[in-house]
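A.B. asks: Okay, here's the structure, questions in a sec.
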């Protein structure tokens, strides 16, 4: 940590800060700059707590060099983590994985039809929401446990592992019995108690980035899962909230190669929620693969116009099949490019 | 609702939309504009579901005129709601209420000292956190139930009702026994299951605006509480996340007079979390009162430099006492101004 | 335009608005909704001015259905505009164009070396900045007209048309003599006088999106150029400012397929300024091509470590050559995919 | 400056950076942290250029302790700057100044009426726009020089100094002849050439914060004016662009006390543009005064409903007079509070 002093900090203020650093068991190193003095805190083995220095006279700013997470960082775990979801491997240098299915499970028939389409077109994991977070209380809230059971059935019927969202602690155990991977949604990324309890579950967790979470906060949220005992974490970029509202959210694909440098945990992309416009989604799916995402999650609905939730962002079967065919050709090009 | 058609929408596309509107039991009114046709949906008695119209040929955009909330809206409940917290009244046209106390409860001694200070200086409600949401798992997470009990004791000792945060469903009942008002924090504003369960509790709820929640989403979250049976809701503006990071968050005080027009629920302001710099806070407290907030919540710590959490944003006793004195004079001026 | 009335608007308020609409020569169509009345303004042939209705009793909101631009809209000009820069064609369904060169022109030698690299590797247009907008006055501000002349020389020497930025009106004519395309940067996107004067120049204009410009404002800025007489406009997405600062800006590639639907003007992508981290840039260049951009602009510097400006975001010659090779393979895959 | 090295930076990478620091004439100080080494650059007398260190092996990040501005900083100029506009003093600890008038000058009659109102109600400076920046080219662009002359006439007639916006370099000299203060608007805050030329004019400059400008960029823009020779600069906070669009912009009043600590230049507040809703504005004006702003600028129009530009945000004469009366009482309370 670096403690930056005010321009006009007195000599005795600086000495007091140095004394406090030493009292904490660290070494202090004064760095006289052009405008002001900064004091380096040396000899720490982890994140330095700034508390003892707060409010001291002449102190202007704290600059943390060490991050608020450690277990998720590639610095301390250089090898890629490969998460297995019902036998399907997800990791940075693995073939990208396609997770597909309807936004919300509406009925056995609807999910069956969707499952067959995504299986046939080559998806690896089936998705479907049973508990739906909705902005207002007057909208469809999902089928609940009935939906979870339908998902489990269809997952077995078509032979694809499944992922579904959990929203409250008492759902964790039950959903873990029926599904291969538990999703924690964007609105719950900083529901720290849900994270703490999910950390104890013996199933992989798919953690979505919060609507306005910095990458540092995103990684610190994942740190809750690893610190609590669950190393099988998949991160999911799904767009952030910005001033631009022409499309629903702003999907920043540059975070993919950035996160690849910073964390060993795989990161996938969900363009459906970010964009909310059907015919743009396949473009973003391809772009996600091109920038190196470990996988992609998309919404597919047998009849998007009749969907109870998020219809405009769901691909129809034909659209999904066409996209999967184009992705295969793209993958060949990417593999060729890298060999070259 | 208004359904805006594409510029080049065909006549039969328009007819199909009109037919669908009528099939839903509404009346359709075609509005031919300069560039494109829009079709009004008439005869609805609440929020119109756009689902049946999604994906129809030629449809460009849906414009909702009716909002996703109703119970919280002043349109349908013109009189101010006055929430009582342990006998203290909070409402738009009531004298503004001061809620004060430490960010986190650290010990009996710390809270006792803080309680006496805030009581003597004229605060009406005592705050103190027992369950603390922290970005990373390696930071102090609060004293938990022990903290809740200390708060209850001190609340009685100094004779001030109390408010404290809950973070998980299984805390609701227990905390409601010990505290006069339950806070749901910014990170949990869209933890819809927590809202649904809090709606069943017979204590007022203080709901903070999420870091990137629009006012519409904020009101729709409060709608969960009212729809679930709890009409005693206090809203709290605490700063939003923007590109500017010189101060911690961006505290938008203009939302106070705006919300006063839109909702009957009282709105208070918490400048401590938004600003994070001690000597700026009293300025913002005064400004909050001036724009008409129903109350203010500030952090006061007997020794801010030793605080385990958010020290730099806590007022010390002298600062708080000075601020309260200045507020009294300000209030007289405001009352005089309005009479004039 | 739709005029939304307050919930409690009186009947005579509504009648007054209707009368005002008719006084303006339009037809009024009242649309009684569940919560409030909205009044449609019909019979307009362009953007309806809301001025005469402002401040009228009972009026809550104006919803514009018609956009503040027309000439740039695909609605009124369905065919792609193909802009020619020194013989190179840039358009939505043309092969994507590579614009490359150093951020700032530093010397004849530096530009010569960069020009040869980008030419040999297959770029189509040479870029180089002579007038540099810098946050503070104490940074390198570019070589000015000397730089423009060096660019012109090198452009001829290697046989590539050139593009360079203009920052003030009195530079327009002179720079237009020496360069094939004039760039108006993000900070000047709403320098409306510069736009008005650039509209009179007989050279294509490359207009960058402002740091916090909505797509609507971006298109309205381009409308200044078309309205002023210059139809040869290339738009450039270069990242927007958001709360996330891990990377410099947030590059939203989903705007590319979105803009393709909305405007006939070609849109290219500049990932260098958005990202600011060298080894991430080639990923984003590929992604831009995949989502359908009409071209890409990247910074290439013979010795990035010695660059006077924006070194960390410049590709070195080896990096650029490798990227261009990979792009060729990618392009074949994309062409194959579309044929399939 | 602090150069943060990668976690796994090799010993010889660190030595190379140290050698480069010394080659630049500075002293290097290695600060071994828990996770990584940071190297302090010592002995600088101003902003350290990071160029020579860019791209060096093992370098992760540069942390600047010295800011990109100096002349505007209170560190180097502790006393408040007091700017005189036609004899009216504007400064941090001066009585707050009221600048008022119509958004756009529409006619002699309109400005005359507005001028008389604002003069009588106690405003100190008259504002009025002659050159108007408009999002699209099809809107009213202002009366131009004719407007400037009308403003000058009315300024003399009622005896109030005037301020008006300039948008292009060739307007500077002419407008400076007729007006007491030149405004540079938000969209031109980083029109660096306009700043450079305005720096040579012998009239005070009112510089508005850009829509998405950080405070650091805002101060660096003002640095252009001071560095170019014009010390008479007034800064103006007018709201920033965020995800929230219920009101037009987000007006962050906490920047006022923050800037008071950082700069000696006076900062005023313009709530009209931020809010865009008439009846909310007086609340924000009072709040601006309460947080210590050096002045306030508001739009007043004799007949807001007929305004050619920004009508809904203009106060009518009665509203302005009422607000001025309330401000007087408020000011007394503030003065009393501070004496206490």
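Residue numbers (this note's numbering), protein chains in the order written: chain A, 2 to 341; chain B, 2 to 341; chain C, 2 to 341; chain D, 2 to 341.
In this text, a Cβ means the ideal position worked out from N, Cα and C, and glycines have one as well.
1) Using a 10 Å radius around the Cβ and a threshold of 16 neighbouring Cβ atoms, would you call residue 79(D) buried or exposed?
2) Can you list, in chain order, the residues of the stretch 242–254 of chain B whose Cβ is nearer than 8 Å to any Cβ on chain C?
3) Of all Cβ atoms in chain B, is any one closer than 7 Å to the Cβ of residue 330(D)?
4) How about residue 41(D): is its C-beta nearer than 7 Å to some C-beta of chain A?
5) Report the rounded CA-to-CA distance for residue 129(C) versus residue 94(C), giving the unit in angstroms.
6) Using 8 Å for Cβ pairs, my map puts residue 208(C) next to residue 182(C). What's the rounded Cβ distance?
7) Work out the CA separation of residue 293(B) and residue 338(D) for me, nearest whole Å.
8) Residues in its own chain within less than 6 Å of residue 14(B) by CB, not counting five upstream and five downstream?
9) Identify the residues that DSSP records as bridge partners of residue 182(C): which are they?
10) For residue 341(A), does the count of other Cβ atoms within 10 angstroms reach 16, so buried, or fall short, so exposed?
11) Following the continuous beta strand (DSSP E) through residue 262(D), name the residue where it begins and the one where it ends.
12) According to DSSP, is residue 173(D) helix, strand or coil?
13) Would you say the stretch 185–200 of chain A touches the stretch 154–161 of chain A, given that touching needs at least three Cβ pairs under 8 Å?
14) What does a CB cutoff of less than 6 Å around residue 322(D) pick up in its chain, not counting 5 residues either side in sequence?
15) Three or more C-beta pairs closer than 8 Å, one from the stretch 239–253 of chain D and one from the stretch 246–257 of chain C: is that the case here?
16) Provide the residue span of the beta strand (DSSP E) that contains residue 212(B), from first to last.
17) Near residue 327(A), which residues of its chain fall below 8 Å by C-beta distance, leaving aside the five closest residues on each side in sequence?
18) Measure from the C-beta of residue 71(D) to each C-beta in chain B and report whether the shortest distance is under 7 Å.
19) When the Cα atoms are used, what is the spatial distance from residue 50(A) to residue 100(B)?
20) Determine the extent of the alpha helix (DSSP H) in which residue 204(B) is found, giving its start and end residues.
21) Just reading off the alpha helix (DSSP H) that residue 155(C) is part of, what are its end residues?
22) Does the beta-carbon distance from residue 40(D) to residue 31(D) come in below 7 Å?
23) Alpha carbon to alpha carbon, what distance is there between residue 42(B) and residue 315(D)?
24) Since residue 63(B) sits in a beta bridge, which residues does DSSP pair it with?
25) Within 7 Å of any Cβ in chain C, is that where the Cβ of residue 274(A) sits?
26) Report all residues from its chain with a CB closer than 8 Å to the CB of residue 12(D); omit the five preceding and five following residues, and keep chain order.
27) Determine, using beta carbons only, whether residue 82(C) comes closer than 7 Å to chain B.
28) Between 28(B), 177(B), 104(B), 249(B), which lies nearest to residue 86(B) when the distance is taken from Cα to Cα?
29) How far does the alpha helix (DSSP H) with residue 40(B) in it extend, from its first residue to its last?
30) Using a threshold of 7 Å, state whether the C-beta atoms of residue 228(B) and residue 138(A) are closer than that.
31) Counting only beta-carbon atoms, is residue 8(C) nearer than 7 Å to chain B?
32) Counting C-beta neighbours from all protein chains within 10 Å, is the total for residue 9(B) 16 or more, i.e. buried, or is it exposed?
33) Is it the case that the stretch 215–222 of chain D contacts the stretch 259–267 of chain D, given that we only count it when at least three CB pairs across the two stretches are under 8 Å?
34) So for residue 241(A), helix, strand or coil by DSSP?
35) Rounded to the nearest angstrom, what separates residue 169(B) and residue 226(B) at their Cα positions?
36) Does DSSP put residue 74(C) in a helix, in a strand, or in coil?
C.D. replies: According to the structure shown:
1) exposed
2) Listed by position, the residues of the stretch 242–254 of chain B near chain C (Cβ gap below 8 Å) are 242, 243, 244, 246.
3) It does: the Cβ of residue 330(D) has a partner Cβ on chain B nearer than 7 Å.
4) yes
5) 26 Å
6) At roughly 11 Å, the Cβ-Cβ gap does not stay under 8 Å, so residue 208(C) and residue 182(C) are not in contact.
7) 19 Å
8) 58, 59
9) Looking at the DSSP assignment, residue 182(C) forms a beta bridge with 164(C).
10) For residue 341(A), the predicted structure reports a pLDDT of 47, less than 50, and the residue's modelled location is therefore unreliable. A value from the coordinates is still provided. Exposed, since its Cβ has fewer than 16 Cβ neighbours within 10 Å.
11) Segment 256–263 is the alpha helix (DSSP H) holding residue 262(D); no beta strand (DSSP E) there.
12) helix
13) no
14) 122
15) no
16) Element bounds for residue 212(B): n/a, residue is neither H nor E.
17) Close CB contacts of residue 327(A) within its chain, under the 8 Å cut and outside five residues either way in sequence, are with 283, 287 (chain order).
18) no
19) 28 Å
20) Unbroken run through residue 204(B): none, as it is neither H nor E.
21) 146–159
22) yes
23) Looking at the backbone, the Cα of residue 315(D) and that of residue 42(B) are separated by about 34 Å.
24) 4(B)
25) No, its Cβ sits nowhere closer than 7 Å to a Cβ of chain C.
26) none
27) Answer no: the Cβ-Cβ gap between residue 82(C) and chain B never drops below 7 Å.
28) When 28(B), 177(B), 104(B), 249(B) are compared, the shortest CA-CA separation from residue 86(B) is found for 177(B).
29) Not the alpha helix (DSSP H): residue 40(B) falls in the beta strand (DSSP E), residues 38–43.
30) Note that the C-beta distance between residue 228(B) and residue 138(A) is below 7 Å.
31) Yes, residue 8(C) counts as interfacial toward chain B.
32) exposed
33) yes
34) Correct three-state label for residue 241(A): strand.
35) 15 Å
36) strand
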